[in-house]
Amino acid sequence: GILSFFCFSGFALWLYVLSASAKVTEKITGTKKILFSATAGMLLACAIMTKGVIALSAVGVSVFALFFYLSAENLKLFSIFVVGLFAPFGIWFLLGDGAAFIANYIHISLGARVQTEGLNPNPWRNIWLLWWPWWPVLIFAIYSAVRGVLKREPILFLTALLAFSYPIGFSLGANYYEHYLTPFYPFAAVLVGVQIAHWLPLSKHEAFLEKSYRVGFSLLIVLALGLATISPNVNVQKEIDPAKWVSALNHLSVDEQKKIEVVAFAPGSADLWLGLAHILSKTEHQAIGNYALDRAARAHTVFIARQTDAVSAEWQKMDCVFVRGFQFYSPKGESFCQN
101 GILSFFCFSG FALWLYVLSA SAKVTEKITG TKKILFSATA GMLLACAIMT
151 KGVIALSAVG VSVFALFFYL SAENLKLFSI FVVGLFAPFG IWFLLGDGAA
201 FIANYIHISL GARVQTEGLN PNPWRNIWLL WWPWWPVLIF AIYSAVRGVL
251 KREPILFLTA LLAFSYPIGF SLGANYYEHY LTPFYPFAAV LVGVQIAHWL
301 PLSKHEAFLE KSYRVGFSLL IVLALGLATI SPNVNVQKEI DPAKWVSALN
351 HLSVDEQKKI EVVAFAPGSA DLWLGLAHIL SKTEHQAIGN YALDRAARAH
401 TVFIARQTDA VSAEWQKMDC VFVRGFQFYS PKGESFCQN
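If you're matching positions, the sequence shown starts at 101 in this note's numbering and goes up one per residue.
Encoded structure:
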């Protein structure tokens with residue numbers, strides 16, 4: 101969530117500055133342009149400091165946006181943007197231990213996570229499972245965004261480019277953790293929202309159309325939220341209740357619970373309800389959904405799958421925890437059922 105805030109706010113503010121001289125936004129004063137440019141750079145710097153290389157896509161697309169709004173004034177503002185981008189790092193290096201931290205991050209964290217085993221389909225699968233009600237509108241929005249470039253209105257195109265930079269980046273060779281996809285959703289939501297606004301023009305002169313617009317838009321939101329709670333592959337298992345799963349783990353002894361760091365759910369067994377279960381059960385364990393059945397066992401992790409699922413041989417069954425229709429697993433050689 102913090103990463104999404106910094107990426108989205110920094111990128112939006114920077115586009116606002118670049119497009120200030122175009123017809124799509126109103127005029128803003130020179131002082132505000134300088135302030136906004138520096139602030140946009142600082143926000144994106146905070147995104148990098150929040151989650152490392154994942155946030156570099158926001159910076160990259162922000163720089164790329166300059167080519168669509170190239171002018172002498174925007175080049176000057178870009179220099180202010182760069183100052184704002186590097187200022188937080190300068191403070192970190194001077195007052196903290198930023199240089200050593202980054203060196204350690206590159207050599208240890210990135211070295212352990214980056215892989216070159218071919219394309220990774222998991223990001224796209226998870227986006228489909230979680231966001232499938234909006235895909236028809238999103239595809240049409242992308243088409244409209246590309247057409248906007250030809251009309252010299254590239255804002256939506258740049259938004260789409262940044263939205264899809266996250267799943268593309270993970271697909272091309274990074275070790276994948278699904279919560280890193282979070283920034284995709286606000287950018288994609290902008291595309292969907294703008295497209296719906298184009299389909300439902302608001303008339304300022306006719307009260308009936310204005311009321312119809314509000315009612316229609318509200319019904320669409322309610323319908324989409326309703327569809328979003330129906331996963332395309334969980335309509336058979338009537339016993340699905342992640343709150344029960346996490347609650348069952350909470351009945352383990354305190355010592356056994358302390359050994360668990362992550363609760364992973366097999367594809368189709370949790371989806372959007374995972375977050376709800378995490379809140380309702382008041383668990384301190386990190387929750388990971390759509391965990392591949394053939395994925396290697398991860399230390400300090402409890403893996404929950406349907407009883408009919410065939411999981412990797414690196415997992416062993418946990419007989420001390422039982423929820424109807426599902427099986428709990430722990431990594432082989434690591435038992436959470438000692439008592």
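Even for Gly, the Cβ is constructed at its ideal location relative to N, Cα and C. Since the model is a prediction, treat every value here as computed from it, not as a measurement.
In the three-state DSSP reduction, Q438 falls in the coil class, being neither helix nor strand. Two segments are said to touch when three or more pairs of C-beta atoms, one from each, lie closer than 8 Å; by this definition the region 358–368 does not touch the region 233–246. W231 and Y280 have their C-alpha atoms spaced approximately 15 Å apart.
C-alpha of A405 to C-alpha of A366: approximately 5 Å in a straight line. Boundaries for P188: no beta strand (DSSP E) harbours it, while the alpha helix (DSSP H) harbouring it runs 172–195, taken from the DSSP string. Taking P267 as the centre and dropping the five residues before and after it, the same chain places the C-beta of P223, W224, I227, L281, F284 closer than 8 Å to its C-beta, in chain order.
Distance from the CA atom of F422 to the CA atom of Y276, rounded to whole angstroms, is 29 Å. For K417, no alpha helix (DSSP H) encloses it; the enclosing beta strand (DSSP E) starts and ends at 415–417. In its chain, beyond the 5 residues on either side, A396, A397, P431, K432 have a beta carbon closer than 8 Å to the beta carbon of E414. Two segments are said to touch when three or more pairs of C-beta atoms, one from each, lie closer than 8 Å; by this definition the region 284–298 does not touch the region 196–206. Annotation: the continuous alpha helix (DSSP H) that includes F270 extends over 255–271. Distance from the CA of H385 to the CA of L349, rounded to the nearest whole angstrom, comes to 10 Å. A residue is called buried when at least 16 other Cβ atoms come within 10 angstroms of its Cβ; V411 meets this threshold and is buried.
Approximately 4 Å separates the beta-carbon atoms of F168 and P254; this is inside 8 Å, confirming the contact.
The DSSP-derived three-state label of Y429 is strand. According to the DSSP assignment, Q407 belongs to no alpha helix (DSSP H), since it is labelled neither H nor E. G141 is classed as buried because its beta carbon has at least 16 other beta carbons within 10 Å across all chains shown. Per DSSP, F168 lies in no beta strand (DSSP E) segment and is marked neither H nor E. Selection Q407, S271, E434, V315 evaluated against Q416 yields E434 as nearest (Cα-Cα).
For A364, the secondary structure class from DSSP, reduced to helix, strand or coil, is strand. When secondary structure is reduced to three states using DSSP, F422 falls in the coil class, being assigned neither helix nor strand.
Shortest Cα-Cα distance from K133 to any of S104, I180, L156, F111 involves I180. Taking 8 Å as the cut-off, the Cβ atoms of L113 and K151 do not count as close. Between the alpha carbons of C107 and L143 lies a gap of roughly 7 Å.
Pairing A158 with F193 gives a Cβ-Cβ distance that is not under 8 Å. The beta carbon of A165 sits closer than 8 Å to those of W114, L115, L118, P254, L258, all from its chain and outside the five residues before and after it, given in chain order. Nearest Cα to A364 within the set D419, K344, F428: F428.
Taking C-beta separations shorter than 7 Å and ignoring five residues to either side along the sequence, the partners of F189 in its chain run A145, G198, following chain order.
L219 and L177 have their C-alpha atoms roughly 38 Å apart. Between G196 and A138, the C-beta spacing is not below 8 Å. In the structure shown, I128 adopts coil according to DSSP, grouped into three states.
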